[in-house]
Amino acid sequence: MSGHGDPVPMIARKSAALKGVAEVPGDKSISHRALILGALSVGKTEITGLLEGQDVLDTAKAMRAFGATVTQHGPGAWTVEGVGVGGFAEPEQVIDCGNSGTGVRLIMGCMATSPITATFTGDASLRKRPMGRVTDPIALFGAQSYGRRGGRLPMTIVGAPDPVPVTYTVPMPSAQVKSAVLLAGLNAPGQTVVIEKEATRDHTERMLRGFGAEISVEETPEGRVITLQGQPELTGQTVAVPRDPSSAAFPVCAALIVPGSEIFVPGVSQNPTRNGLFTTLVEMGADIAFENPREEGGEPVADLRVRYSALKGIEVPPERAASMIDEYPVLSVVAACATGTTVMRGVKELRVKESDRIDAMARGLEACGVSIEEDQDTLIVHGLGAGNVPGGATCATHIDHRIAMSFLVLGLAAQQPISVDDGSPIATSFPVFEDLMRGLGAQIKRA
Ligand code: S3P
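What follows is the structure in structure tokens.
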């Protein structure tokens, strides 16, 4: 069963100005989907810029277990020989998705309408996360699920032998749930309709269209109505994965809070369903230039030039939450270094991520001398202003890569060093984080 290896304590100290170019790795969401859609296609999919983080490697392994041929040819260069929609084989072994909620939920969706059975597990973080949000809609297609109490992994899904298409309104803002339903709909006859009240990242819709599915998206007063025609023939594609804005967030925020910094972050996705953090930072007074806007791999991208800035706290509009949901931990670090209060409302989904991120950030910030307020759906950070965060604490990361990276970023600007109890989960999404940050001049090391 999936474990998670020995903890890797890390420490970050007050650093001199960060300088240089930060080439962050490929987008995690797009990387998972490139492998999965490649596996569901006929013919060869050629991927460049694939994120080789553990989460994505676990999805690659899972696609092999369902019958696809997945091969690495060089750094970030992979091919997938797919089995076609409805062609998944029954895996012989338990599918271990490690730390990845995206991996397990999307894969459960795409096997749910095939007459096969698969058992899923993950690490201690993933085994605590709710799967009912996916097993509820796939039951409507005819799939059955048998998991631990509370819809927890390990869980066995028995795919529907005769799936029926569904119309489903996603009850929470979740691209994973939306995507799981769409992927299940691929092997159901007729039209599957997914309605989301708030727009979430739209990579699945964009990529399904790119792989040849008939899919339409309509903005209505009830929300986005996505209609997918079932049982298409998807054909292998060339996918150039753009760089991950959620990873770019760490060097960008570090440069904003370390005095004198100026860094260049090329090719960062500016997809409007992902760029809420950058909008928020600019509202706080961040000096970020968005240079050379263009399209790469079907996504709008720009090069970011980021300079240290005196920031002020703001109220983040709750309707922006979905477009920056993974960035609240590092935003709360920036907020601690800003003057005034930053109010983050409508963020209860943070409680069911790799950790309860409201709790993890609140406890860690308090330990670093920052005062916060929280309730089930809100995090409020009372900023101390640049250079005034005391630090000098060890923060618990709860097997959560973004909590680990956020507190290491705070350590670069705090008065006293900040440690994290375990930096090993950083490898799930940003395996080159330490080297990249050190290359900019950040004082981060293993403790
Ligand atoms: C993701 C969706 C989001 C996000 C996660 C990646 C995706 O999760 O937090 O890191 O690739 O679809 P939710 O769907 O739970 O909001």
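First residue of the sequence shown: 20, per my numbering; consecutive thereafter.
All C-beta atoms, glycine included, are put in the ideal place defined by N, C-alpha and C.
This one's a predicted model, so the numbers in the text were calculated from it and none came from an experiment.
Roughly how many angstroms separate the alpha carbons of Phe85 and Ile126, rounded to a whole number?
Taking the sequence shown and counting its residues from 1, one reaches residue 85 at position 66. Taking the sequence shown and counting its residues from 1, one reaches residue 126 at position 107. Spanning the two alpha carbons is a distance of roughly 10 angstroms.
Report the three-state DSSP secondary structure of Ser374 (helix, strand or coil).
Residue 374 sits at position 355 when you count from the first residue of the sequence shown. Ser374: coil per DSSP, three-state reduction.
Can Val16 and Val389 be called in contact, C-beta distance under 8 angstroms?
Any question about residue 16 goes unanswered here, given that the chain covers just 20 to 466.
Can you give the Cα-Cα distance for Thr239 and Thr246, rounded to whole angstroms?
Residue mapping note: residue 239 aligns to position 220 of the sequence shown, counting from 1. Residue mapping note: residue 246 aligns to position 227 of the sequence shown, counting from 1. Rounded to the nearest angstrom, the two C-alpha atoms are 13 angstroms apart.
For Asp345, is the beta carbon positioned less than 7 angstroms from some heavy atom of ligand 1?
Position 326 of the sequence shown, counting from 1, holds the residue named residue 345. Yes, since a heavy atom of ligand 1 falls inside the 7 angstroms radius drawn around the Cβ of Asp345.
Look at the Cβ atom of Gly151, then the Cβ atom of Val123, and state whether they are nearer than 8 angstroms.
Within the sequence shown, residue 151 is the residue found at index 132, counting from 1. Within the sequence shown, residue 123 is the residue found at index 104, counting from 1. Not in contact: Gly151 and Val123 (Cβ atoms no closer than 8 angstroms).
Between the region 226-239 and the region 177-189, do at least 3 Cβ pairs fall closer than 8 angstroms?
no
Taking Val185 as part of the alpha helix (DSSP H), name the residues at either end of that continuous run.
Residue 185 sits at position 166 when you count from the first residue of the sequence shown. Where Val185 is concerned, there is no enclosing alpha helix (DSSP H), given that its DSSP letter is neither H nor E.
Based on DSSP bridge pairs, tell me the residues matched to Glu224.
What you label residue 224 is simply residue 205 of the sequence shown in a count that begins at 1. DSSP lists no partner for Glu224.
Where the alpha helix (DSSP H) through Tyr347 begins and ends
Position 328 of the sequence shown, counting from 1, holds the residue named residue 347. Note, Tyr347: alpha helix (DSSP H), 347-356.
What number of angstroms, rounded off, separates the C-alpha of Glu281 from the C-alpha of Gly39?
Within the sequence shown, residue 281 is the residue found at index 262, counting from 1. Within the sequence shown, residue 39 is the residue found at index 20, counting from 1. Their Cα atoms are separated by approximately 7 angstroms.
Glu368 by DSSP, collapsed to three states: which one?
Against the sequence shown, residue 368 aligns to sequence position 349. Shown here, Glu368 sits in a helix according to DSSP, grouped into three states.
Close Cβ partners of Thr121 (< 6 angstroms) along its chain, the five nearest in sequence each way excluded:
Numbered from its first residue, the sequence shown carries residue 121 at position 102. His51, Gln195.
Answer yes or no: the CB of Val320 versus the heavy atoms of ligand 1, is any distance below 7 angstroms?
Counting from one through the sequence shown, the residue named residue 320 turns up at place 301. Result no, Cβ not under 7 angstroms from ligand 1.
What residues match up with Pro156 in a beta bridge as DSSP calls it?
Sequence index remark: in the sequence shown, residue 156 carries index 137 (1-based). In the DSSP output, where bridge partners are listed per residue, Pro156 has none listed.
Inside the region 98-124 only - beta strand (DSSP E) runs reaching at least 3 residues:
none
7 angstroms CB neighbourhood of Pro26 in its chain, flanking five on each side removed
Here residue 26 corresponds to residue number 7 of the sequence shown, with the count starting at 1. Taking Pro26 as the centre and dropping the five residues before and after it, the same chain places the C-beta of Asp440, Asp441, Ser443 closer than 7 angstroms to its C-beta, in chain order.
Take Arg326 and list the residues in its own chain whose beta-carbon comes closer than 6 angstroms to its own, dropping the five residues that flank it on each side.
In the sequence shown, counting from the first residue as 1, residue 326 sits at position 307. Result list for Arg326: Glu281, Asp306, in chain order.
Might you give, ordered along the chain, the residues of its own chain that have their beta carbon closer than 6 angstroms to the beta carbon of Thr299, omitting 5 neighbours on each side?
Here residue 299 refers to the residue found at position 280 of the sequence shown. Closer than 6 angstroms at the Cβ level, and outside the excluded window around Thr299, lie Val335.
Tell me which residues share the same chain as Val408 and place their Cβ nearer than 8 angstroms to its Cβ, disregarding the 5 neighbours each side in the sequence.
Working through the sequence shown from its first residue, we reach residue 408 at position 389. These residues qualify, in order along the chain: Ala355, Cys356, Cys387, Gly388, Val389, Leu429, Ala432, Ala433, Gln434.
Does any heavy atom of ligand 1 sit closer than 7 angstroms to the C-beta of Ser351?
Stepping through the sequence shown from its first residue, residue 351 is reached at position 332. No, the Cβ of Ser351 stays beyond 7 angstroms of every heavy atom of ligand 1.
Can you tell me the Cα-Cα spacing of His92 and Asn118, whole angstroms?
Numbered from 1 along the sequence shown, position 73 holds the residue referred to as residue 92. Numbered from 1 along the sequence shown, position 99 holds the residue referred to as residue 118. Approximately 25 angstroms, taken between the alpha carbons.
Helix, strand or coil: which one does DSSP assign to Ser469?
Since the first and last residues shown for the chain are 20 and 466, residue 469 lies out of range.
Specify the secondary structure class of Glu217 as computed by DSSP and reduced to three states.
Translated into the one-based positions of the sequence shown, residue 217 becomes position 198. For Glu217, the three-state secondary structure derived from DSSP is coil.
Am I right that Phe449 and Ile437 are in contact with their C-beta atoms under 8 angstroms? What's the rounded C-beta distance?
Walking along the sequence shown from the start, residue 449 turns up at place 430. Walking along the sequence shown from the start, residue 437 turns up at place 418. Not a contact, Cβ separation roughly 18 angstroms.
Where does the unbroken beta strand (DSSP E) through Met29 begin, and where does it stop?
Position 10 of the sequence shown holds residue 29. Note, Met29: beta strand (DSSP E), 29-32.
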